[in-house]
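Asker: Straight run, no breaks: the sequence shown in my numbering ends on number 221.
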Amino acid sequence: MSLVIHRLQQVSSTQDEARRLVETGEVGPGHVVVVDEQTKGRGRFGREWLSPVGGLYATFIVARHPLISLVSGVAVLRALARFGVAVRLKWPNDLVVDGRKLAGILIECKNEVALVGIGVNLREAPLDTATSVRAAGGTVKRGELIVTIWEEMTEAVASEDIVGEYRTHLATLDQPVRLTLEDGETVEGRAVDIDPEGRLLVETAAGVRAISSGECSHLRS
Ligand code: BTN
Numbered sequence: 001m002s003l004v005i006h007r008l009q010q011v012s013s014t015q016d017e018a019r020r021l022v023e024t025g026e027v028g029p030g031h032v033v034v035v036d037e038q039t040k041g042r043g044r045f046g047r048e049w050l051s052p053v054g055g056l057y058a059t060f061i062v063a064r065h066p067l068i069s070l071v072s073g074v075a076v077l078r079a080l081a082r083f084g085v086a087v088r089l090k091w092p093n094d095l096v097v098d099g100r101k102l103a104g105i106l107i108e109c110k111n112e113v114a115l116v117g118i119g120v121n122l123r124e125a126p127l128d129t130a131t132s133v134r135a136a137g138g139t140v141k142r143g144e145l146i147v148t149i150w151e152e153m154t155e156a157v158a159s160e161d162i163v164g165e166y167r168t169h170l171a172t173l174d175q176p177v178r179l180t181l182e183d184g185e186t187v188e189g190r191a192v193d194i195d196p197e198g199r200l201l202v203e204t205a206a207g208v209r210a211i212s213s214g215e216c217s218h219l220r221s
């Protein structure tokens, strides 16, 4: 399926713009909304995603998939690798280089589709804890990266072993971790595996917990 690109200059968030276009029926699977700048970019758990001109801010509209979080992480990782940028995954789908975040993914659902919002620091890292494609030694044009992410997403969706591939790139494995769950509960332990549903298995003092959603910190840098 070829990609239909909707390019805009400035929006509050590509997630909101994509949702609006899905509601009006103007976009569907195989479309992407990309902007130069977001005034209210958002990350997971309601955090702000700083979105100055020069970064990649895009929302891909894709058919729902039970492992879309893993599929998207692997697709962005493979796309960056094609431009010489070696990243690893921090559960569930942060893309990191030496523990510094280079890209993030926010997934929301609307009707029959998933809105896969991807932010990549291309030239600048807007935070001290972050890094960028340039700092990691890569060069890539935004448009080329968008098309490459789409190609990799199409392949990853069809993969028969996306969990296996995801596992090989997961920097979180064997790490001592702290997870903050959506209800505020904190879970600490060692990340031991990913189960077939994409949940992180954490060995705690009280036994192994399967975590499906949460904010993950690696306790060893
Ligand atoms: C995270 O790591 O917390 C997810 C960050 C996702 C940022 C992207 S930028 C494009 C899309 N629009 C948004 O408002 N957020 C996502």
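The C-beta atom is built at its ideal place from N, Cα and C for all residues, glycine as well.
Mapping the DSSP letters down to three states, classify S217 as helix, strand or coil.
Answerer: Taking the first residue of the sequence shown as 1, we reach residue 217 at position 217. Note: S217 maps to strand in three-state DSSP.
Asker: V177 to I194, Cα distance in whole Å?
Answerer: In the sequence shown, counting from the first residue as 1, residue 177 sits at position 177. In the sequence shown, counting from the first residue as 1, residue 194 sits at position 194. When rounded, the distance between both Cα atoms is 14 Å.
Asker: In its own chain, which residues sit with a C-beta less than 8 Å from the C-beta of G138, not counting the 5 before and 5 after it?
Answerer: For the purposes of this step, residue 138 is taken as the residue at position 138 of the sequence shown. Sequence-distant Cβ neighbours of G138 in its own chain, meaning closer than 8 Å and more than five residues away, are L80, F83, G84 and V85.
Asker: Tell whether a beta-carbon distance below 7 Å holds between A191 and T172.
Answerer: As a first step, residue 191 is located in the sequence shown; it is residue number 191 there, counting from the start. As a first step, residue 172 is located in the sequence shown; it is residue number 172 there, counting from the start. Their beta carbons are under 7 Å apart, which means A191 touches T172 by this criterion.
Asker: Check for me: the alpha helix (DSSP H) holding V157 runs from which residue to which?
Answerer: Walking along the sequence shown from the start, residue 157 turns up at place 157. Residues R142 to V157.
Asker: Okay, do the segment 43-61 and the segment 112-123 touch, 3+ Cβ pairs below 8 Å being the bar?
Answerer: Verdict: yes, contact present.
Asker: For A130, report the span of its beta strand (DSSP E) as first-last.
Answerer: The residue labelled residue 130 in the question sits at position 130 within the sequence shown. Segment: none, A130 is in no beta strand (DSSP E) and carries neither H nor E.
Asker: Does at least one heavy atom of the ligand BTN sit under 6 Å from the Cβ of L200?
Answerer: Mapped onto the sequence shown, residue 200 falls at position 200. No - the ligand BTN has no heavy atom lying nearer than 6 Å to the Cβ of L200.
Asker: May I ask whether a heavy atom of the ligand BTN can be found less than 6 Å away from the beta carbon of L106?
Answerer: As a working mapping, residue 106 is identified with position 106 in the sequence shown. Because some heavy atom of the ligand BTN lies under 6 Å away, the Cβ of L106 counts as near it: yes.
Asker: When the Cα of L170 is compared with those of D94, K40 and L102, which residue comes out closest?
Answerer: Here residue 170 refers to the residue found at position 170 when the sequence shown is read from its first residue. Ranking the options by Cα distance to L170, first place goes to D94.
Asker: Classify K40 as buried or exposed, calling it buried when 16 or more other Cβ atoms lie within 10 Å of its own Cβ.
Answerer: Here residue 40 corresponds to residue number 40 of the sequence shown, with the count starting at 1. Exposed.
Asker: Could you name the residues of the same chain whose beta carbon sits closer than 6 Å to that of R7, not counting the 5 residues immediately before and after it, in chain order?
Answerer: Position 7 of the sequence shown, counted from the first residue, corresponds to residue 7. Closer than 6 Å at Cβ, skipping near neighbours: V34.
Asker: Starting from the C-beta of V208, find all residues in its chain whose C-beta is less than 6 Å away, skip the five residues before and the five after it, and write them out in chain order.
Answerer: Taking the first residue of the sequence shown as 1, we reach residue 208 at position 208. Contacts found: L201.
Asker: For T131, is the beta carbon positioned less than 6 Å from some heavy atom of the ligand BTN?
Answerer: Here residue 131 corresponds to residue number 131 of the sequence shown, with the count starting at 1. No, the Cβ of T131 stays beyond 6 Å of every heavy atom of the ligand BTN.
Asker: If you draw a straight line from the alpha carbon of V113 to that of I61, how long is it in whole angstroms?
Answerer: Your numbering for residue 113 matches position 113 in the sequence shown. Your numbering for residue 61 matches position 61 in the sequence shown. Looking at the two C-alpha atoms, the distance is approximately 6 Å.
Asker: Considering R190, what are the terminal residues of the beta strand (DSSP E) in which it resides?
Answerer: Taking the first residue of the sequence shown as position 1, residue 190 is located at position 190. T186 to I194 is the span of the beta strand (DSSP E), which, as asked, contains R190.
Asker: Would you check whether the ligand BTN has a heavy atom nearer than 6 Å to the C-beta of G46?
Answerer: Against the sequence shown, residue 46 aligns to sequence position 46. For the ligand BTN, not one heavy atom lies less than 6 Å from the Cβ of G46.
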